[in-house]
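>
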Amino acid sequence: MSLGPSLAQMRRDNRVTVVLPVKISPHDEPTKVRAACTCEVSGRGAKLMKIDGVSEGDILWIARHTRRAKFKVVWIGKSGSEQDGQIGVESLEPEKFIWDDDLRGKLA
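Following this line, the structure appears as structure tokens:
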């Protein structure tokens with residue numbers, strides 16, 4: 124008996140597990156920059172680790188080297204869970220590819 128597609132099957136985009144250092148800042152305070160790291164990226168979003176002080180719905184600038192784009196926080200890992208300290212972000216500018224060029228083919 125099937126319960127329907129799994130979360131992984133429902134995802135629209137390929138995802139790559141990769142740790143990339145990035146810089147994040149609130150969209151309304153772009154000079155308030157802090158360091159963060161990805162743990163997974165896709166063409167439309169990412170999972171970031173060890174981020175605190177953000178809420179679902181927040182808009183962030185995320186920069187990788189000289190590229191940056193706006194992202195929306197779409198989920199926050201629950202305290203004590205496996206996702207504790209992680210956040211999921213979705214690009215508000217999907218036409219901007221901020222990840223490393225060698226990832227472009229893997230995410231197509």
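For what it's worth, my numbering labels the leading residue of the sequence shown as 124, then goes sequentially.
Beta carbons: idealized from backbone N, C-alpha and C, even for Gly.
For Cys160, list the residues DSSP reports as bridge partners.
Bridge partners of Cys160: Pro144 and Met172.
> Could you tell me if Lys219 is buried or exposed, where buried requires 16 or more neighbouring beta carbons within 10 angstroms of its beta carbon?
Exposed, since its Cβ has fewer than 16 Cβ neighbours within 10 Å.
> Give the single residue among His188, Ala192 and Gly211 whose Cα lies nearest to the Cα of Trp198.
When each option's Cα is compared against that of Trp198, the closest is Gly211.
> What residue from Arg187, Gly168 and Lys195 has the CA that sits closest to Glu179's CA?
Checked all of Arg187, Gly168 and Lys195; the closest Cα to Glu179 is Lys195.
> Would you kindly report the start and end of the unbroken alpha helix (DSSP H) that includes Gly195?
A small fix is needed here, since residue 195 is Lys in this sequence, not Gly. Not the alpha helix (DSSP H): Lys195 falls in the beta strand (DSSP E), residues Arg190 to Ile199.
> Strictly by DSSP, which residues pair up with Trp184?
According to DSSP, Trp184 bridges with Ser148 and Lys193.
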